[in-house]
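Trainee: Heads up: the sequence shown is residues 686 to 946, going by my numbering. Pasting a structure below so you can have a look.
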Amino acid sequence: MLTRRVIVCLDVKGARVVKGVQFESLRDVGDPVELSERYEHEGADEITFLDISASAEERSTLLEVARRTAERLFIPLTIGGGVRTVDDVARALRAGADKVSLNSTAVARPEVLSEAAARFGAQCVVASIDAKRGLDGQWRVWVKGGREETPLEAVAWAQECVARGAGEILLTSINQDGARTGYDLALTRAVADAVSVPVIASGGAGQPSHLVDAIVLGHADAALVAGIVHDRTTTVGALKSAMHVAGIPVRLCHPSLGAAA
(Lines of atoms letter the chains of each structure in order from A and count residues from 1; the text may use other names and numbers.)
(Lines give C-alpha, C1' and ligand atoms only; values in the text may rest on other atoms or scores of the structure.)
Protein backbone atom coordinates (compact mmCIF):
# COMPACT_ATOMS: atom_id res chain seq x y z
CA MET A 1 0.00 0.00 0.00
CA LEU A 2 1.25 3.46 -0.85
CA THR A 3 1.98 5.96 1.92
CA ARG A 4 -1.16 7.90 2.84
CA ARG A 5 -1.02 11.64 3.39
CA VAL A 6 -2.34 14.07 5.97
CA ILE A 7 -2.94 17.49 4.42
CA VAL A 8 -3.71 20.63 6.40
CA CYS A 9 -6.04 23.12 4.75
CA LEU A 10 -5.77 26.85 5.35
CA ASP A 11 -8.89 28.71 4.23
CA VAL A 12 -7.51 32.18 3.56
CA LYS A 13 -9.53 35.38 3.51
CA GLY A 14 -7.53 38.56 3.13
CA ALA A 15 -4.23 37.59 4.72
CA ARG A 16 -5.67 35.51 7.54
CA VAL A 17 -6.72 31.90 8.02
CA VAL A 18 -10.41 31.47 8.85
CA LYS A 19 -12.64 28.50 9.65
CA GLY A 20 -16.40 28.02 9.65
CA VAL A 21 -19.15 25.42 9.48
CA GLN A 22 -20.60 24.46 6.09
CA PHE A 23 -18.62 27.38 4.63
CA GLU A 24 -20.36 29.92 6.91
CA SER A 25 -19.83 31.66 10.31
CA LEU A 26 -16.15 32.25 9.63
CA ARG A 27 -13.75 33.02 12.49
CA ASP A 28 -10.12 34.08 12.48
CA VAL A 29 -7.67 31.36 13.48
CA GLY A 30 -4.26 32.82 12.68
CA ASP A 31 -1.47 33.78 10.31
CA PRO A 32 -1.05 31.40 7.35
CA VAL A 33 2.74 31.47 7.32
CA GLU A 34 3.05 30.73 11.03
CA LEU A 35 0.43 28.00 10.88
CA SER A 36 2.06 26.39 7.86
CA GLU A 37 5.38 26.18 9.65
CA ARG A 38 3.72 24.72 12.72
CA TYR A 39 1.97 22.01 10.75
CA GLU A 40 5.08 21.09 8.82
CA HIS A 41 6.90 20.67 12.14
CA GLU A 42 4.07 18.45 13.38
CA GLY A 43 4.44 16.19 10.36
CA ALA A 44 1.96 17.43 7.74
CA ASP A 45 2.64 15.99 4.31
CA GLU A 46 1.23 18.97 2.43
CA ILE A 47 -0.36 22.38 2.96
CA THR A 48 -3.32 23.63 0.93
CA PHE A 49 -4.22 27.33 0.69
CA LEU A 50 -7.78 28.05 -0.46
CA ASP A 51 -8.70 31.69 -1.06
CA ILE A 52 -12.35 31.38 -0.15
CA SER A 53 -13.27 34.93 -1.13
CA ALA A 54 -11.42 34.86 -4.46
CA SER A 55 -11.80 38.57 -5.06
CA ALA A 56 -9.48 40.62 -7.23
CA GLU A 57 -8.42 42.73 -4.23
CA GLU A 58 -7.08 39.68 -2.41
CA ARG A 59 -5.38 37.90 -5.29
CA SER A 60 -2.01 39.60 -4.87
CA THR A 61 -2.21 39.17 -1.10
CA LEU A 62 -2.69 35.40 -1.39
CA LEU A 63 0.17 35.00 -3.85
CA GLU A 64 2.47 37.04 -1.64
CA VAL A 65 1.48 34.92 1.36
CA ALA A 66 2.10 31.80 -0.69
CA ARG A 67 5.49 33.09 -1.75
CA ARG A 68 6.53 33.83 1.82
CA THR A 69 5.27 30.45 2.96
CA ALA A 70 6.92 28.49 0.15
CA GLU A 71 10.26 30.05 1.04
CA ARG A 72 10.01 28.53 4.51
CA LEU A 73 8.43 25.15 3.75
CA PHE A 74 9.91 21.89 2.53
CA ILE A 75 6.57 20.13 1.97
CA PRO A 76 4.33 20.60 -1.09
CA LEU A 77 2.01 23.61 -1.25
CA THR A 78 -1.28 23.74 -3.15
CA ILE A 79 -3.01 27.02 -3.97
CA GLY A 80 -6.66 27.37 -4.94
CA GLY A 81 -9.44 29.91 -5.14
CA GLY A 82 -9.94 32.51 -7.84
CA VAL A 83 -7.73 30.69 -10.34
CA ARG A 84 -9.49 31.45 -13.62
CA THR A 85 -6.98 30.95 -16.42
CA VAL A 86 -3.85 29.01 -17.30
CA ASP A 87 -1.91 32.22 -16.74
CA ASP A 88 -3.30 32.32 -13.19
CA VAL A 89 -2.02 28.77 -12.74
CA ALA A 90 1.39 29.91 -13.96
CA ARG A 91 1.41 32.81 -11.49
CA ALA A 92 0.55 30.49 -8.61
CA LEU A 93 3.32 28.07 -9.57
CA ARG A 94 5.82 30.91 -9.87
CA ALA A 95 4.78 32.07 -6.39
CA GLY A 96 5.92 28.72 -5.02
CA ALA A 97 2.93 26.41 -5.36
CA ASP A 98 3.61 22.81 -6.30
CA LYS A 99 -0.01 22.24 -7.34
CA VAL A 100 -2.97 24.45 -8.20
CA SER A 101 -6.58 23.71 -7.33
CA LEU A 102 -9.40 24.64 -9.71
CA ASN A 103 -13.06 24.59 -8.72
CA SER A 104 -15.63 27.11 -9.98
CA THR A 105 -13.60 27.93 -13.07
CA ALA A 106 -13.39 24.28 -14.06
CA VAL A 107 -17.17 23.98 -13.87
CA ALA A 108 -17.66 27.11 -15.95
CA ARG A 109 -14.98 26.19 -18.51
CA PRO A 110 -13.76 22.58 -18.16
CA GLU A 111 -11.19 23.13 -20.90
CA VAL A 112 -9.00 24.96 -18.38
CA LEU A 113 -8.15 21.59 -16.81
CA SER A 114 -6.85 20.23 -20.11
CA GLU A 115 -4.99 23.44 -20.88
CA ALA A 116 -3.28 23.47 -17.49
CA ALA A 117 -2.39 19.78 -17.65
CA ALA A 118 -0.95 20.18 -21.16
CA ARG A 119 1.18 23.15 -20.14
CA PHE A 120 2.32 22.13 -16.64
CA GLY A 121 1.56 18.41 -16.30
CA ALA A 122 -1.36 16.62 -14.67
CA GLN A 123 0.59 16.34 -11.40
CA CYS A 124 0.14 20.12 -10.95
CA VAL A 125 -3.63 20.12 -11.54
CA VAL A 126 -6.05 19.47 -8.69
CA ALA A 127 -9.78 19.42 -9.37
CA SER A 128 -11.49 20.71 -6.24
CA ILE A 129 -15.08 19.51 -5.90
CA ASP A 130 -17.49 20.82 -3.26
CA ALA A 131 -20.40 18.38 -3.07
CA LYS A 132 -23.66 18.47 -1.15
CA ARG A 133 -26.20 15.71 -0.80
CA GLY A 134 -29.65 16.84 -1.92
CA LEU A 135 -33.08 15.69 -0.81
CA ASP A 136 -33.04 13.20 -3.68
CA GLY A 137 -29.93 11.56 -2.22
CA GLN A 138 -27.70 12.72 -5.07
CA TRP A 139 -24.44 14.57 -4.48
CA ARG A 140 -24.57 17.83 -6.41
CA VAL A 141 -21.58 20.01 -7.19
CA TRP A 142 -21.65 23.51 -5.70
CA VAL A 143 -19.46 26.43 -6.73
CA LYS A 144 -18.54 29.97 -5.63
CA GLY A 145 -17.57 28.95 -2.12
CA GLY A 146 -20.58 26.69 -1.65
CA ARG A 147 -23.08 29.41 -2.49
CA GLU A 148 -24.34 28.23 -5.87
CA GLU A 149 -25.68 24.80 -6.81
CA THR A 150 -25.00 23.28 -10.22
CA PRO A 151 -26.79 20.43 -12.01
CA LEU A 152 -23.58 18.39 -12.03
CA GLU A 153 -23.52 15.07 -10.16
CA ALA A 154 -20.32 14.78 -8.12
CA VAL A 155 -19.10 11.33 -9.19
CA ALA A 156 -19.69 11.96 -12.89
CA TRP A 157 -18.04 15.37 -12.63
CA ALA A 158 -14.99 13.85 -10.93
CA GLN A 159 -14.67 11.39 -13.80
CA GLU A 160 -14.87 14.21 -16.34
CA CYS A 161 -12.24 16.22 -14.46
CA VAL A 162 -9.83 13.28 -14.63
CA ALA A 163 -10.60 12.70 -18.30
CA ARG A 164 -9.75 16.34 -18.95
CA GLY A 165 -6.38 16.12 -17.20
CA ALA A 166 -6.77 16.55 -13.45
CA GLY A 167 -4.12 14.57 -11.59
CA GLU A 168 -5.87 14.66 -8.22
CA ILE A 169 -9.33 15.23 -6.76
CA LEU A 170 -9.89 17.32 -3.62
CA LEU A 171 -13.35 16.23 -2.53
CA THR A 172 -15.16 18.27 0.13
CA SER A 173 -18.50 17.33 1.65
CA ILE A 174 -20.37 20.56 2.37
CA ASN A 175 -22.79 18.65 4.60
CA GLN A 176 -19.94 17.49 6.83
CA ASP A 177 -17.74 20.60 6.69
CA GLY A 178 -16.95 21.77 10.21
CA ALA A 179 -19.30 19.23 11.81
CA ARG A 180 -16.44 17.08 13.14
CA THR A 181 -18.58 13.95 12.94
CA GLY A 182 -16.50 12.25 10.27
CA TYR A 183 -16.05 12.41 6.51
CA ASP A 184 -18.84 11.49 4.11
CA LEU A 185 -17.50 8.00 3.53
CA ALA A 186 -20.11 7.03 0.96
CA LEU A 187 -19.30 10.07 -1.16
CA THR A 188 -15.56 9.60 -0.80
CA ARG A 189 -15.70 5.92 -1.66
CA ALA A 190 -17.98 6.49 -4.65
CA VAL A 191 -15.57 9.01 -6.16
CA ALA A 192 -12.38 7.12 -5.23
CA ASP A 193 -13.70 3.94 -6.81
CA ALA A 194 -14.75 5.80 -9.97
CA VAL A 195 -11.47 7.57 -10.82
CA SER A 196 -7.88 6.51 -11.41
CA VAL A 197 -6.17 9.42 -9.62
CA PRO A 198 -5.67 10.11 -5.90
CA VAL A 199 -8.67 11.40 -3.98
CA ILE A 200 -8.33 13.66 -0.93
CA ALA A 201 -11.16 13.34 1.60
CA SER A 202 -12.23 16.70 3.03
CA GLY A 203 -14.94 17.93 5.38
CA GLY A 204 -15.82 16.46 8.76
CA ALA A 205 -12.66 15.37 10.57
CA GLY A 206 -13.19 15.45 14.31
CA GLN A 207 -10.91 12.76 15.72
CA PRO A 208 -8.09 10.46 14.60
CA SER A 209 -10.40 7.53 13.82
CA HIS A 210 -12.13 9.64 11.18
CA LEU A 211 -8.91 9.79 9.14
CA VAL A 212 -8.50 6.04 9.47
CA ASP A 213 -12.06 5.56 8.23
CA ALA A 214 -11.47 7.90 5.28
CA ILE A 215 -8.55 5.74 4.11
CA VAL A 216 -9.87 2.28 4.97
CA LEU A 217 -13.60 2.68 4.36
CA GLY A 218 -13.63 5.71 2.08
CA HIS A 219 -10.76 4.44 -0.08
CA ALA A 220 -9.17 7.92 0.01
CA ASP A 221 -5.49 8.41 -0.72
CA ALA A 222 -5.21 11.36 1.66
CA ALA A 223 -7.19 13.07 4.41
CA LEU A 224 -7.48 16.84 4.74
CA VAL A 225 -7.92 18.45 8.14
CA ALA A 226 -8.40 22.02 9.33
CA GLY A 227 -10.41 22.98 12.43
CA ILE A 228 -9.22 20.20 14.75
CA VAL A 229 -5.59 21.23 14.33
CA HIS A 230 -6.29 24.97 14.18
CA ASP A 231 -8.03 24.70 17.58
CA ARG A 232 -5.29 22.41 18.94
CA THR A 233 -7.85 19.70 19.66
CA THR A 234 -5.15 17.39 18.34
CA THR A 235 -1.95 17.58 16.33
CA VAL A 236 -0.90 16.28 12.94
CA GLY A 237 1.54 14.00 14.73
CA ALA A 238 -1.21 12.46 16.84
CA LEU A 239 -3.38 11.93 13.77
CA LYS A 240 -0.58 10.17 11.92
CA SER A 241 0.25 8.10 14.98
CA ALA A 242 -3.34 6.81 15.06
CA MET A 243 -3.14 5.97 11.36
CA HIS A 244 0.17 4.17 11.91
CA VAL A 245 -1.30 2.12 14.76
CA ALA A 246 -4.23 1.20 12.51
CA GLY A 247 -1.79 -0.25 9.99
CA ILE A 248 -1.94 2.59 7.48
CA PRO A 249 1.49 3.46 6.04
CA VAL A 250 2.35 7.10 6.75
CA ARG A 251 5.47 9.22 6.58
CA LEU A 252 6.79 9.15 10.13
CA CYS A 253 8.63 12.37 10.82
CA HIS A 254 7.21 13.73 14.06
CA PRO A 255 9.31 13.15 17.21
CA SER A 256 6.50 11.14 18.79
CA LEU A 257 6.50 8.77 15.81
CA GLY A 258 10.21 8.20 15.34
CA ALA A 259 12.46 8.73 12.36
CA ALA A 260 11.17 9.61 8.93
CA ALA A 261 9.98 6.69 6.83
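For every residue, glycine included, the Cβ atom is placed at its ideal position computed from N, Cα and C.
1) May I ask you to report which of helix, strand or coil DSSP gives P893?
2) Given E833, which residues of its chain have a CB within under 7 angstroms of its CB, disregarding the five upstream and five downstream residues?
3) How is the alpha helix (DSSP H) around A930 delimited, first residue to last?
4) Smallest Cα separation from A871: which of A886, E725 and V703?
5) For R757, which option in H895, T873, A848 and A780 has the closest C-alpha, if you only look at C-alpha atoms?
6) Taking just the CA atoms, how far does P795 sit from A802?
7) Quick one: residues in its chain with C-beta nearer than 7 angstroms to the C-beta of A741, no 5 flanking neighbours on either side, listed in chain order?
8) May I have the straight-line CA-CA distance separating T754 from L735, to the nearest angstrom?
9) What span of residues does the beta strand (DSSP E) with T626 cover, start to end?
10) Decide if S881 is buried, meaning its Cβ has at least 16 other Cβ atoms within 10 Å, or exposed.
11) Between which two residues does the beta strand (DSSP E) harbouring C846 extend?
12) By the DSSP assignment, the alpha helix (DSSP H) with V876 in it spans what residues?
13) Would V811 pass as a contact of V785 if the rule is Cβ separation under 8 angstroms?
14) Measuring only the C-alpha atoms, how far is T866 from V768?
15) Does DSSP classify P836 as helix, strand or coil?
16) Taking C-beta to C-beta, are A782 and L762 nearer than 8 angstroms?
17) Taking 8 angstroms as the cut-off, decide whether the C-beta atoms of P934 and R689 are in contact.
18) Exposed or buried, V930, counting other C-beta atoms within 10 Å across all chains shown (16 or more means buried)?
19) Let me know the secondary structure DSSP gives R936 once reduced to three states.
20) Can you look up T763 in the DSSP assignment and give me helix, strand or coil?
21) Taking V901 as the reference, give the member of L720, R752, W842 and A877 with the closest Cα.
Mentor: Taking the geometry as given:
1) Here residue 893 refers to the residue found at position 208 of the sequence shown. Here P893 sits in helix by DSSP.
2) Position 148 of the sequence shown holds residue 833. Hits under 7 angstroms: W827.
3) Locating residue 930 in the sequence shown gives position 245, counting from the first residue. The amino acid occupying residue 930 in the given sequence is Val; Ala does not appear at that position. Run containing V930: V921 to V930, per the alpha helix (DSSP H) assignment.
4) In the sequence shown, residue 871 corresponds to position 186, counting from 1. A871 has its Cα closest to that of A886, out of A886, E725 and V703.
5) Within the sequence shown, residue 757 is the residue found at index 72, counting from 1. It is A780 whose Cα lies nearest to the Cα of R757.
6) Sequence index remark: in the sequence shown, residue 802 carries index 117 (1-based). Sequence index remark: in the sequence shown, residue 795 carries index 110 (1-based). As the crow flies, the alpha-carbon of A802 is around 12 angstroms from that of P795.
7) Mapped onto the sequence shown, residue 741 falls at position 56. Caution applies to A741, whose pLDDT of 36 falls short of 50 and renders its modelled position unreliable; the model cannot decide the point.
8) What you label residue 754 is simply residue 69 of the sequence shown in a count that begins at 1. What you label residue 735 is simply residue 50 of the sequence shown in a count that begins at 1. A direct Cα-Cα distance of roughly 14 angstroms separates T754 from L735.
9) Shown here, the chain extends from 686 to 946; a query on residue 626 therefore has no answer.
10) Position 196 of the sequence shown, counting from 1, holds the residue named residue 881. By the 10 Å Cβ count, S881 comes out exposed.
11) Your numbering for residue 846 matches position 161 in the sequence shown. Counting along the chain, C846 falls outside any beta strand (DSSP E), though it belongs to the alpha helix (DSSP H) covering A839 to A848.
12) The count along the sequence shown starts at 1 and reaches residue 876 at position 191. First-last of the alpha helix (DSSP H) with V876: L870 to A879.
13) Here residue 811 refers to the residue found at position 126 when the sequence shown is read from its first residue. Here residue 785 refers to the residue found at position 100 when the sequence shown is read from its first residue. Closer than 8 angstroms, so yes.
14) By one-based count along the sequence shown, residue 866 stands at place 181. By one-based count along the sequence shown, residue 768 stands at place 83. Answer to the nearest angstrom: the Cα atoms are 31 angstroms apart.
15) Within the sequence shown, the letter at position 151 stands for residue 836. Of the three classes helix, strand and coil, the one that applies to P836 here is strand, per DSSP.
16) Reading the sequence shown from its first residue, position 97 is the one you call residue 782. Reading the sequence shown from its first residue, position 77 is the one you call residue 762. In contact: A782 and L762 (Cβ atoms closer than 8 angstroms).
17) Within the sequence shown, the letter at position 249 stands for residue 934. Within the sequence shown, the letter at position 4 stands for residue 689. In this structure, P934 lies near R689, with their beta-carbon atoms less than 8 angstroms apart.
18) Residue mapping note: residue 930 aligns to position 245 of the sequence shown, counting from 1. Counting C-beta atoms within 10 angstroms of its own C-beta, V930 has fewer than 16 neighbours from the protein chains shown and is therefore classed as exposed.
19) Residue 936 sits at position 251 when you count from the first residue of the sequence shown. DSSP places R936 in coil when its eight states are reduced to three.
20) Working through the sequence shown from its first residue, we reach residue 763 at position 78. If DSSP states are grouped into helix, strand and coil, T763 belongs with the strands.
21) As a working note, residue 901 is residue 216 in the sequence shown. Relative to the Cα of V901, the nearest Cα in the group L720, R752, W842 and A877 belongs to A877.
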